[in-house]
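Let me begin by presenting the structure, written as structure tokens, before commenting on it.
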Amino acid sequence: MHFDQLASVIVNADHGFLRTKNGDITTFDVPDAFNGFFVFGTNPAGTIAGIFVDSIGANHGYVRAANGIITTFDAPGAGTGPGSPGTNPVTINAKGVITGWYADASNVFHGFVRAKDGTITTFDVPGAGTGPFQGTQAVATNPAGVTTGGYTDSNNVAHGFLRTP
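As structure tokens, this is what we get:
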């Protein structure tokens, strides 16, 4: 399959598939996905990043390599209890770096970047709030390693940020 010709990836389903422009279809399932899963990013190498929801309603991350191997992961400190927002990968760049955010057990948001080798770096923007549904939400990392996103301060005011490597 030529992933530079990727035409579509199904999202929010019990089973996923990739369809190339020439019509080739590859199906896949995310292990432990109980309430479906979501695809939030693909890169030119054919690697996919997204979220799956487990049997108690907690979010977790996954990455599907072009060869079909699926690895699930949680950011360190992510809540995993019933209904937890948990780990939320948002994008994957051309180098295989996954960017996203997670909610801790108190529902405070924190940013993360997951390197291609699986190493996860977490961070909080200075000034980000520490109350429920406040904090840092990373949304993208470019090939040079610059990460962008938003954060909510203790007054529930939203701001943007740019984080250098």
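Sequential numbering from 973 applies to the sequence shown in my numbering.
Ideal Cβ positions, reconstructed from N, Cα and C, are used throughout, including at glycine.
Notebook entry, point to check: If you drop the 5 nearest sequence neighbours on each side, which residues of the same chain put their C-beta closer than 7 Å to that of G1117?
Noted result: P1137
Item checked: Proximity winner among R1135, P1048, F1012, relative to T1113 (alpha-carbon distances) -> R1135
Next item on the list: Can you tell me which of the three DSSP states V1069 falls into?
Entry: The answer is coil: DSSP assigns V1069 none of H, G, I, E or B.
Next item on the list: State buried or exposed for N1031, treating a residue as buried only when at least 16 other CB atoms are found within 10 Å of its CB.
Entry: buried
Item checked: Backbone CA spacing between S1027 and T1059 [nearest angstrom] -> 15 Å
Next item on the list: Return the bridge partner residues of H1082 from the DSSP annotation.
Entry: Secondary-structure assignment with DSSP links H1082 through a beta bridge to Y1074.
Margin query: Among the candidates F1024, T1094, I997, G1101, whose CA atom is the shortest distance from the CA of F1006?
Written below: F1024
Next item on the list: Would you list the residues sitting across from T1091 in a DSSP beta bridge?
Entry: Note: T1091 sits in no beta bridge, so no partner.
Check: Who does Q1109 pair with in a DSSP beta bridge?
Finding: According to DSSP, Q1109 bridges with G1122.
Notebook entry, point to check: If you run the structure through DSSP and keep just helix, strand and coil, what is N1015?
Noted result: coil
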